[in-house]
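This report concerns only the one structure given below.
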Amino acid sequence: MSIKPIKAGNNKWRVVVSMGKSGNGERLRHIETVTGKYSDAIRRKNELEVLRSKGIITPQVRLTLG
């Protein structure tokens, strides 16, 4: 779990919550961008961790279509 500032603007934070590992060993993550104070980002990270523990959110999956 991490919170990092985003260079795109002031008061923007990238919140990353670990969702474990996939079958082939890749890390699974849930990523959100929070606009506001650092304390807002911490609050959202804590909310996401609770949702993860309850099984409400799932890892983001990138699909390639073509």
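Take the sequence shown: its letters are residues 72 to 137, numbered as in my numbering.
Glycine included, C-beta positions come from ideal geometry on N, C-alpha and C.
Three-way DSSP call (helix, strand, coil) for residue i in this model
{"i": "ARG115", "result": "helix"}
{"i": "SER73", "result": "strand"}
{"i": "LEU122", "result": "helix"}
Whole-angstrom distance between residue j and residue i, CA atom to CA atom
{"i": "ILE74", "j": "ARG114", "result": "11 Å"}
DSSP beta-bridge partners of residue i
{"i": "GLU103", "result": "VAL86"}
{"i": "LYS92", "result": "ARG98"}
Within 8 Å, strictly: CB atoms of residue i and residue j
{"i": "THR104", "j": "LYS78", "result": "no"}
{"i": "LEU134", "j": "ILE128", "result": "no"}
Option in the options with minimal Cα separation from residue i
{"i": "LEU119", "options": "PRO76, ASN81, MET90", "result": "MET90"}
{"i": "GLY80", "options": "LEU136, GLY137, THR106", "result": "THR106"}
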